[in-house]
Structure formats: C-alpha cells, structure tokens
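Student: Pasting a structure below so you can have a look.
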Amino acid sequence: MQILIIGTGYVGLVTGACFAEMGHSVTCLDIDAGKIERLQNGEIPIYEPGLEEIVKRNVKQKRLLFTTDYKKGVSKAKVCFIAVPTPSRDDGSCDLSYVLSAARSVAEVMTEPKIVVNKSTVPVGTAAAVRGAISEVLVRRNLTTSFDVVSNPEFLKEGAAVQDCLKPDRIVIGSDSPKTTEVLKEIYSAFTLSHDKILCMDVLSAEMTKYAANAMLATRISFMNEIAQICKQVGANVNEVRKGIGSDSRIGYSFLYPGVGYGGSCFPKDIRALISKAKEVGVEPSILEAVDAVNLRQKKLLGKQMIGYFSKKGGLNGKTVAVWGLSFKPDTDDMREAPSIELIEQLLKEGAKVRLFDPVAMPNAKKMLPDNDRITWCSDEVDAATGADAIALMTEWKQFRLVDLEPIKEQMQGQAFFDGRNQYKPAEMKGKGFDYISVGVPDALQQK
Ligand code: NAD
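Under this note's numbering, think of the first position of the sequence shown as 27, with each following residue one higher.
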C-alpha cells in the first residue's frame, strides 16, 4: 500500500522503515529540511539499533523515500500517518499544535479521499480535533472530499524500536468505521500472523489506551522508587524485595527496578498530559500526581546522596565526578528529560567538576548542557574516571558492566561509586576498594 509518514523522528522513521520492510511503499516526510537531506544522503539522524540497515535496504529497493513536500507525499498516499511531537505546555497539558498543523497541511493539498492516522500520543478527543482541522481547510477550499481519522497509538520503546515495531505485543486500531479498520488491518497484516494481536476499538478508547499504558508503567517505577527509599530507612535491601515481589505471577518482574527516576520523551510528558486531562474532566488525579512527584524527587536522589557523602570530605566544591551514561536509558541517544541532566546541574551548582561519557548520546547532551569550563567531555568511561573523586552510573549501558574496575580505581583520586541503576554487587565493589552507594540499599548492607 502507498503510505505517507508525517514526522521522521524516533517513531516516524522506525515505523516508515518497518512498513517498507513489510513491502509497503512508504514516503517519510518532515518539515526539517536538514534531516530529510541527511536521510536522502544515506545518513540516519538518530541512534536506534538495527535501523540503519533496514532504512538502507528499503531505500535501495525504492520502497522508502524522503521528502519535505506535502503535495508530493499526500498525492501518492492512501493512508497518512501523523507521527509528530506532542510536547507538554507549561501547564502540563499536551501541545497539539504540531499534530493539527500536520493535519491542515494534508488538507491543503489533498484532492482525493484519505485516511489520516494519528500515531502521535494525544489526549482523548484529538481525533475529533484533527477531523475539525481538516474539514475547516476543505470547506475553505470548496472541496467535499471524504476522509477518515483513525487513532493508532504507538507502543515502541526507544533502544528496541525496530524489534518492537516488527514484532509488536499488540496493535491498537481506534476507528468508528469498519471499512477504515479493514484498511489498517491490511497494512498491519504482515506484522502479525495471529490476528488476535490487533485490537480494534472505538477512537476514544484507543487514545486513552496509550496514556493508560504509559501511566501504568510510570506508576510501577515510582512505586518501586518509593519502596526503595523506605527499604533504605528500615534496613531492607530493595534488590531482594524486588525479587520477592516480582516472583508473584500477579505482579511480575518487569518495570520494578529502582533507579534515578524515569525520563525520556514519553513518560514525563504523558503523565502530565493525563493529569491535565483528568482535571479538565473533573477527576482528581491523585495517583498520577504522586507518580510525577515521586519521580521528580527520585531524579534528585543521587545528587543528594553525593552531597551527603562529600559533606564529610570538605564538600563537593572542587571535587570531580565522572558521569557514566547520559541518555535516559541504554541503546538510545535520546536525552529528553534524562535524569543525568538533573544530576549534572546539581553537581555544577555545588561547585563540582564533571567528566561526562556516553557511548552515543554526547552530541545531543552537548546541545542541552550549558557551556561550562567545569564540564569535560570524555572519550570513554576510563577517561571519564581518571582523576575523579566519584563515579556516578546513570545509564545501564552494557559496556559499563564489562569494565575492569580495579585499574579504574587506581586512576581515581577518590573511591566513591554511586550506582544509580543497582548494576553492581556491594560486596564485590567493597572488595575492589570502592565506597559503594546504590539505590534502596541501607549503608550497612552496601558494604557487605
Ligand atoms: P521526534 O521529535 O523524534 O520526531 C518528530 C518529527 O516530527 C521531527 O523530525 C519534526 O521535525 C517533525 N515534525 C514536526 N512538525 C511537523 C509537521 N508539521 N510536519 C512534518 N513533520 C513535522 O518525536 P518522536 O519521539 O518520534 O515522537 C512522535 C510522537 O510519538 C509523540 O507524540 C510521542 O509522544 C509519540 N511516541 C514516541 C515514542 C518514543 O519512544 N519516542 C514512543 C511512542 C509514541
């Protein structure tokens, strides 16, 4: 099928490439001319495992094209997917301006019936707003061309986006038209041989499903972070407690890892958007507000622990901290709302110097951090640790588990290791001469 994907970011580019891989003819469109030029020149503007290979293969086979031209993109396509940003406004509500602008751009050039599919994460009621925006333009253009608007939220995870897209847990299609639903099912038929993975529902429920899913996952993270803080105070080890509760089949192990708080381009903004929507419709979002508040507190936790540790050593002023990992999670270069930013800001405020390393996210991190002569960008984790008083592990990249820590310790000035992801064993770290501090483990147990 001829498909247009509007917005060539983490979702749009991955979805477009995967649709092409499944045999569809796909045009990926973006208003960022620089991004499209890079893609046309064979350069992949984001880091996502497996993406480059699949893009290159499908470009070569002429199933995947890139353009900035709405007229060209819309004219060929039967179905237009919108995958543009939906950031938070200052009050936490969802900013729909990119989505509505994309919808109007389609309406400005369409001359035949189209199916417009919303893949961006949007509050309940957005499909109706998109329908209204398209109708307005068509009326002005004196056209009565028919169109339909579908909600098809995306559930891929950055870092595993290609696999998630090719082998989805489920595909949610929200449409009030059986005919349109069939077209969407046809598009996705190659992705899922078992049709029970396709969940067809009304538009409003589909829109709500995406927010409810992200809210549930974020709730588990904040819940576990709060449990971790209680564990530390009462002398329990959260790593044991996690296994103890995860083994209950009603609970399960996933999303129960305590850490430095959730970040990224989805959870923080989606929780806030759902809070805003709940208030708008007269529901008090008590749980959601607590999830957000716990997360903000958790993002400051490692910084607070460092201030406490160094208070007995003359304070953080003038000390050097190596930060291992900057992206909000491994296998991505996405720095949006990354907990590392919060920590680095805290450390700079305390007068510390920071030596930063991330395997792929440094170019994006450089855009987000201020120019400061107390920031040093390092070539690897060993370089970052050289001369440091402490290491802070912020992102659980695999390579940080494979390092030989003893020689690293020799090159450091101090011996503190703040493990924001509970990647190491306290006893081993003690044996290697570190003062090891992780999340949710009391001091007495850290050193055992
Ligand atoms: P992104 O910022 O990586 O990419 C969005 C792209 O849209 C950018 O390249 C931008 O230039 C382009 N764009 C903006 N306005 C446009 C317009 N009017 N016409 C054409 N292109 C336009 O965003 P993303 O991370 O891919 O997220 C897109 C949507 O998908 C958001 O609503 C997000 O919440 C949702 N989502 C994201 C993820 C994820 O892991 N990133 C997962 C599921 C859902």
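Cβ coordinates follow ideal geometry from the N, Cα and C atoms, glycine included.
Between 53, 207, 119, 229, which lies nearest to residue 154 when the distance is taken from Cα to Cα?
Tutor: 229
Student: Taking contact to mean at least 3 C-beta pairs separated by less than 8 Å, is the region 384 to 402 in contact with the region 449 to 457?
Tutor: no
Student: Counting only runs that start and end within the region 246 to 308, where is the beta strand (DSSP E) found for 3 or more residues in a row?
Tutor: Within the region 246 to 308, complete beta strand (DSSP E) segments of at least 3 residues are not found at all.
Student: Would you check whether the ligand NAD has a heavy atom nearer than 6 Å to the C-beta of residue 214?
Tutor: no
Student: Looking at the strands, I want to know which residues DSSP matches up with residue 360.
Tutor: DSSP output for residue 360 lists no bridge partner at all.
Student: Take residue 134 as the anchor and find which of 150, 99, 115, 117 has the nearest alpha-carbon.
Tutor: 99
Student: Once DSSP output is grouped into helix, strand and coil, what is the label at residue 313?
Tutor: helix
Student: Would you please state the rounded distance, in angstroms, between the beta carbons of residue 137 and residue 198? I believe it to be under 8 Å.
Tutor: Actually they are not in contact, since the Cβ atoms of residue 137 and residue 198 sit about 30 Å apart, beyond 8 Å.
Student: Compute the minimum distance between the beta carbon of residue 109 and the heavy atoms of the ligand NAD, and state whether it is under 6 Å.
Tutor: yes
Student: Can you tell me the Cα-Cα spacing of residue 175 and residue 140, whole angstroms?
Tutor: Between residue 175 and residue 140, the C-alpha separation is close to 9 Å.
Student: I'd like to confirm something about residue 37: is its beta-carbon nearer than 6 Å to some heavy atom of the ligand NAD, or not?
Tutor: yes
Student: So, at 7 Å on beta carbons, what are the nonlocal neighbours of residue 113 in its own chain, with the 5 sequence-adjacent residues on each side left out?
Tutor: 121, 295
Student: Assuming contact is defined by CB atoms lying nearer than 7 Å, are residue 261 and residue 468 in contact in what I supplied?
Tutor: yes
Student: Taking DSSP's pairing of strands, which residues face residue 462 in a bridge?
Tutor: 443
Student: With a cut-off of 8 Å on the beta carbons, I'd call residue 179 and residue 232 a contact; round off their distance for me.
Tutor: 6 Å
Student: Would you list the one or two residues that DSSP bridges to residue 477?
Tutor: Residue 477 cannot be examined here, being either before or after the span of the chain that is shown, 27 to 474.
Student: Any heavy atom of the ligand NAD closer than 6 Å to the Cβ of residue 180?
Tutor: yes
Student: Within the chosen definition, does the region 413 to 432 reach the region 390 to 401 through at least 3 CB pairs nearer than 8 Å?
Tutor: no
Student: CA-CA distance, residue 313 and residue 367?
Tutor: 26 Å
Student: Smallest Cα separation from residue 328: which of 286, 252, 409, 435?
Tutor: Nearest Cα to residue 328 within the set 286, 252, 409, 435: 286.
Student: What residues match up with residue 348 in a beta bridge as DSSP calls it?
Tutor: 381, 417
Student: If you run the structure through DSSP and keep just helix, strand and coil, what is residue 156?
Tutor: Residue 156: helix per DSSP, three-state reduction.
Student: Helix, strand or coil for residue 404? Go by DSSP, reduced to three states.
Tutor: coil
Student: Just to confirm, are residue 107 and residue 62 a CB contact at a threshold of 7 Å?
Tutor: no
Student: Under the criterion of a Cβ to heavy atom distance below 6 Å, does residue 32 qualify as lining the ligand NAD?
Tutor: yes
Student: Helix, strand or coil: how does DSSP classify residue 206 here?
Tutor: helix
Student: What would DSSP say about residue 434, mapped onto helix, strand or coil?
Tutor: Taken through DSSP and simplified to helix, strand or coil, residue 434 comes out as helix.
Student: Is any heavy atom of the ligand NAD found at a distance shorter than 6 Å from the C-beta of residue 237?
Tutor: no
Student: Is residue 292 a contact residue of the ligand NAD, with contact defined as CB to any heavy atom under 6 Å?
Tutor: Checking the Cβ of residue 292 against the ligand NAD gives yes.
Student: For the alpha helix (DSSP H) containing residue 41, list its first residue and its last residue.
Tutor: Its alpha helix (DSSP H) spans residues 36 to 47.
Student: With a CB to CB cut of under 6 Å and the five nearest residues on each side skipped, what residues in its chain are close to residue 324?
Tutor: 251, 287
Student: Which stretch, first to last residue, makes up the alpha helix (DSSP H) that contains residue 144?
Tutor: Taken as a continuous stretch (DSSP letters only), residue 144 belongs to no alpha helix (DSSP H), being part of the beta strand (DSSP E) at 140 to 144.
Student: Under 8 Å: do the region 289 to 308 and the region 330 to 342 share three or more Cβ pairs, one atom per stretch?
Tutor: no
Student: Quick check on the DSSP output: the alpha helix (DSSP H) that includes residue 373 runs from which residue to which?
Tutor: 365 to 375
Student: Please state whether the Cβ-Cβ distance between residue 184 and residue 360 is less than 7 Å.
Tutor: yes
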